[in-house]
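Comments concern the structure below.
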Amino acid sequence: MNFYDILEIGVDASDSEIRSQYQRLARTIHPDKSSAVDNHEKFIQISEAYQVLSDPQKRKEYDDNQRREKLYQEWVISEELLLEELDYEEQDGIYIHTCRCGGQYILAVEEVDVPEIVVICDNCSLALLVLIENIHDKQN
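Numbered according to the UniProt record's numbering, the sequence shown terminates at residue 140, and the numbering increases by one at each position without gaps.
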């Protein structure tokens, strides 16, 4: 169960929605207000979720980690590299990295507009997770 599920909110919830939902849940299951045995643990989970999701930097890190975990569940990721670690072929407008099978991971420049992207080897089923940091800063 992720922090959004714990607080019963969507991933696009605003700061005020997070705060009001936390307050609502905390009031209903606070150990001083309820005698249910498992409420103490639920209250700790709700407090931890609120602590992370109410802080913009912690929330961004949490969301990034959740997205990355999902990618690892969907693909057989053999490596995780920064875009700068791939070879750039300016003439073709592509980034290339050699897979351990001898095949190639090929990434077109046009695809480099997201924070991270999964690239599949052209010879096997392995995948490469390419991290693209501050892409908008580099384009300006």
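Positions of the beta carbon are idealized from the N, C-alpha and C atoms, including for glycine.
Measure the alpha-carbon distance for D12 versus D113 and round it to whole angstroms.
Counting from 1 along the sequence shown, the entry for residue 12 is found at position 12. Counting from 1 along the sequence shown, the entry for residue 113 is found at position 113. Cα to Cα, D12 sits roughly 21 Å from D113.
Decide if Y105 is buried, meaning its Cβ has at least 16 other Cβ atoms within 10 Å, or exposed.
Here residue 105 refers to the residue found at position 105 when the sequence shown is read from its first residue. Flag for Y105 reads buried.
Mark S14 as exposed unless 16 or more other C-beta atoms lie within 10 angstroms of its C-beta, in which case mark it buried.
Indexing the sequence shown from 1 puts residue 14 at position 14. Its Cβ having fewer than 16 others within 10 Å, S14 is exposed.
Taking the alpha-carbon positions, what's the E79 to Q51 distance?
Here residue 79 corresponds to residue number 79 of the sequence shown, with the count starting at 1. Here residue 51 corresponds to residue number 51 of the sequence shown, with the count starting at 1. Approximately 32 Å between the Cα atoms of the pair.
What distance in whole Å lies between the Cβ atoms of C99 and L126, which are believed to be in contact at a cut-off of 8 Å?
Working through the sequence shown from its first residue, we reach residue 126 at position 126. Working through the sequence shown from its first residue, we reach residue 99 at position 99. The pair is a contact, with the Cβ atoms about 6 Å apart (cut-off 8 Å).
Which residues in the same chain have their Cβ closer than 6 Å to the Cβ of D122, if we skip the five residues on either side of it in sequence?
Translated into the one-based positions of the sequence shown, residue 122 becomes position 122. Excluding positions up to five away in sequence, the list reads G103, Q104.
Let me check understanding here. Comparing Cα to Cα, which of S47, K60, D87, V119 lies closest to I77?
What you label residue 77 is simply residue 77 of the sequence shown in a count that begins at 1. Closest option to I77, Cα to Cα, is V119.
Under three-state DSSP, which class holds D15?
Locating residue 15 in the sequence shown gives position 15, where the first residue counts as 1. D15: helix per DSSP, three-state reduction.
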